[in-house]
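Input: a single structure, listed below in structure tokens.
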Amino acid sequence: QQLMDILSDESHSDIISWLPHGTGFTIHKKKTFANEVLPQYFKAAKFTSFTRKLNRWGFTRVPRGPETGAYFHKMFRRDKPELC
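Under this note's numbering, the first residue of the sequence shown carries the number 92, and numbering increases by one thereafter.
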């Protein structure tokens, strides 16, 4: 739910945003995300801690291609918080 809240907040869209198709998200500014956004939503405010959390939650990171670095989860979709 916290991640859905972050992505739903338009004030963070230049830092973290959904991919156009809404099946994944990407973090555009990792340092800004770790310093400004993470502390508002999570106790651990380190980027590596956040990525470990994503891995525990079952997210996968795109290793190559046009969406390199984006994160996906089959049950995490824009406008479908009930799937979470």
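Yeah, the Cβ is synthetic: ideal placement off N, Cα and C, and Gly gets one too. Everything numeric in this text was worked out from a predicted model, so none of it was measured.
Beta-carbon spacing of residue i, residue j below 8 Å
i      : j      : result
ILE108 : THR114 : Here residue 108 is Ser; the residue named in the question, Ile, does not match the sequence. Against a cut-off of 8 Å, the Cβ pair of THR114 and SER108 comes out as no contact.
PHE150 : PHE163 : yes
LEU129 : ALA136 : yes
Distance between beta carbons of residue j and residue i, contact taken as under 8 Å
i      : j      : result
PHE124 : PHE138 : 7 Å
Where the alpha helix (DSSP H) through residue i begins and ends
i      : result
THR139 : 138-147
ILE97  : 93-99
Buried versus exposed call for residue i [16 or more other C-beta atoms within 10 Å across all chains shown]
i      : result
HIS103 : buried
Opening and closing residue of the beta strand (DSSP E) in which residue i lies
i      : result
PHE124 : Note, PHE124: premise wrong, no beta strand (DSSP E); not H, not E.
ILE106 : Counting along the chain, ILE106 falls outside any beta strand (DSSP E), and DSSP gives it neither H nor E.
Chain-order list of residues whose beta-carbon lies under 8 Å from that of residue i (same chain, five-residue window excluded)
i      : result
ASP105 : HIS119, LYS120
THR159 : VAL153
Close beta carbons around residue i, own chain, < 7 Å, minus the five adjacent residues each side
i     : result
ILE97 : HIS103, ILE107, VAL128, TYR132
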